[in-house]
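Reading through the structure tokens given below for one structure.
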Amino acid sequence: MTELIIIKPDDMHLHLREGDVLKHVVKDTQKQFARAIVMPNLKNPIKTVHLAEIYYQEIKKNIEDLNFEPLMTLFFNDELNSDEIKKVSDSNIVHGIKLYPSGVTTNSKDGVDVIENCFKIFELMQKYDVPLLVHAESNDKNVDIFDREKVFIDRNLSQIHQEFPNLRIVVEHISSKEAAEFVIDSGDKVFATITPQHLLFDRNDLLSHGIKPHHYCLPILKRSEDRVAIVKAATSGSPKFFLGTDSAPHFRHEKESSCGCAGIYSALSAMELYASIFETENALDKLENFSSKYGADFYELPPNNLKIKLTKKDFRIPARIQVGNEEIIPLFADETLSWQLSEI
Ligand code: NCD
Ligand code: ZN
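Each residue of the sequence shown is one higher than the one before, starting from 415 at the first, in the working numbering.
Below, the structure is given as structure tokens:
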């Protein structure tokens, strides 16, 4: 196959940040995606529907293509009461609540420490049918970084799912065999997003033959067998797995540092990368559902009217993106991919 026309996809896990960066990165995303679930982990996290509305307006102001729609989320916090959860459920712009164990990733210090203390809020979310999006990693410092996802699933997520069987859950950016298995084995309320990096790379691509700070993200890249399990899940045709890039821009100096930030910027080439992976697996026929249908179904949104074309053609990724005096280094910077996206 040398050409593929599909419904314009949705990115169900995206970091747009704020200020100057937002303007630059939203441009890359809107070429590839019609809508995106926007993560709430700003420096001042988006904790209320009111703040989400303000952030929504800020994003809208910076959008060139008016067809692009940001789908907002709230940062899980213990101030969420019945009124606020009902507001989320009634809102046309807020689509879920993202839970971060505290300190587990970028801008998550206000996250949750004791999951059991959240049960009243989960109960309300279940009642009002508000999706729970989870950064499923343990923040226990004694847990090995490569086991943090598995441990969170064993200690916390299984219990949440058991206690609240009708709560709709998205396990964000799955990175391990165990996470893929958990989603497959759980009831029909448990779903997962999958990033390009967790389909393409394992920890050798991060740590072998020199450390690659631009391949550092959380959850951290794991073993080859984990990658293989995630590829299998993504290309299986199961509606439980859908696209979420987790594209997360950080400035070059913040990544190439003695204490580098976690996050990979993939917005520039996301669909080209997913297409190469699905092609390798002989599963290009499953790409449209994974990218443009299952996520929309989960969030109870209609499919997009627009289409994109993916053509088998060399596509050179720029070496850097200039943001004022700063630079963002995109995934596969200065390298050539074998698919190219165009809008039709
Ligand atoms: C994300 C970020 O930078 O906001 N980083 C990352 O490594 N994925 C946060 C997140 O999704 O964990
Ligand atoms: Zn993320």
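Glycine included, C-beta positions come from ideal geometry on N, C-alpha and C.
Own chain, CB closer than 8 angstroms to residue i, minus 5 neighbours either side, in chain order
| i | result |
| --- | --- |
| F536 | L546, I574, E577, F578 and L581 |
| T487 | I451, V452, M453, P454, I460, A466, V508, H509, G510, I511, K512 and L547 |
| E668 | G674 and C675 |
| K626 | D619 and L620 |
Neighbourhood of residue i by C-beta distance below 7 angstroms, restricted to the same chain and skipping five residues each side
| i | result |
| --- | --- |
| S600 | H575 |
| L538 | S496 and I499 |
| N491 | K461 and D524 |
Opening and closing residue of the beta strand (DSSP E) in which residue i lies
| i | result |
| --- | --- |
| S401 | Residue 401 falls outside the range modelled here, since the chain spans only 415 to 758, and no answer is possible. |
| K512 | V508 to L513 |
| R730 | K721 to R730 |
| R641 | Here R641 belongs to no beta strand (DSSP E); instead the alpha helix (DSSP H) covers S638 to A648. |
| L538 | Taken as a continuous stretch (DSSP letters only), L538 belongs to no beta strand (DSSP E), being part of the alpha helix (DSSP H) at F533 to K541. |
| P484 | E483 to F489 |
| L418 | E417 to I421 |
| V557 | No beta strand (DSSP E) holds V557; DSSP gives it neither H nor E. |
| A606 | V604 to I608 |
| I499 | From DSSP, I499 is part of no beta strand (DSSP E) but of the alpha helix (DSSP H) over S496 to D504. |
| A662 | A662 -> no beta strand (DSSP E), and no H or E assigned at all. |
| E740 | E740 to I742 |
| I583 | I583 to V585 |
| F656 | F655 to L657 |
First through last residue of the alpha helix (DSSP H) which encompasses residue i
| i | result |
| --- | --- |
| L430 | No alpha helix (DSSP H) holds L430; DSSP gives it neither H nor E. |
| D599 | K591 to D599 |
| M685 | A684 to T694 |
| A450 | Careful: A450 lies outside any alpha helix (DSSP H), inside the beta strand (DSSP E) at R449 to V452. |
| F712 | Y708 to F712 |
| I574 | S572 to E577 |
| I529 | Careful: I529 lies outside any alpha helix (DSSP H) and carries neither H nor E. |
Pick from the options that is closest to residue i, judged by C-alpha positions
| i | options | result |
| --- | --- | --- |
| M453 | M685, K500 and G677 | G677 |
| A448 | K422, V440, E639 and P716 | K422 |
| D640 | E592, G658, T659 and K474 | E592 |
| A647 | H612, Q444 and D561 | H612 |
| S572 | S522, I598 and V557 | I598 |
| K723 | D543, E478, V737 and L755 | L755 |
| Y469 | R431, G709 and Q444 | R431 |
| L751 | I731, I420 and Y708 | I731 |
| A594 | T649, V440, T725 and K445 | T649 |
| L418 | E686, K707 and N458 | E686 |
| K437 | V463, K474 and D568 | K474 |
Sequence-distant residues of the same chain with beta carbon closer than 6 angstroms to residue i, five excluded per side
| i | result |
| --- | --- |
| A759 | As displayed, the chain neither begins before 415 nor continues past 758, which places residue 759 out of reach and without an answer. |
| L635 | F615, D616, R617 and L620 |
| I742 | P663, Y679 and I735 |
| F605 | V584, K654 and F712 |
| L494 | I535 |
| R666 | E741 and I743 |
| L632 | T519 and A676 |
heavy atom of the ligand ZN below 7 angstroms from residue i C-beta
| i | result |
| --- | --- |
| H429 | yes |
| H575 | no |
| H628 | no |
| H587 | yes |
Residue i CB to nearest heavy atom of the ligand NCD below 7 angstroms
| i | result |
| --- | --- |
| C631 | yes |
| G677 | yes |
| A550 | no |
| A662 | yes |
| T520 | yes |
| N455 | yes |
Interface flag, residue i vs chain D, CB-CB below 8 angstroms
| i | result |
| --- | --- |
| H612 | Reference to chain D is not applicable here, since this structure consists of a single protein chain. |
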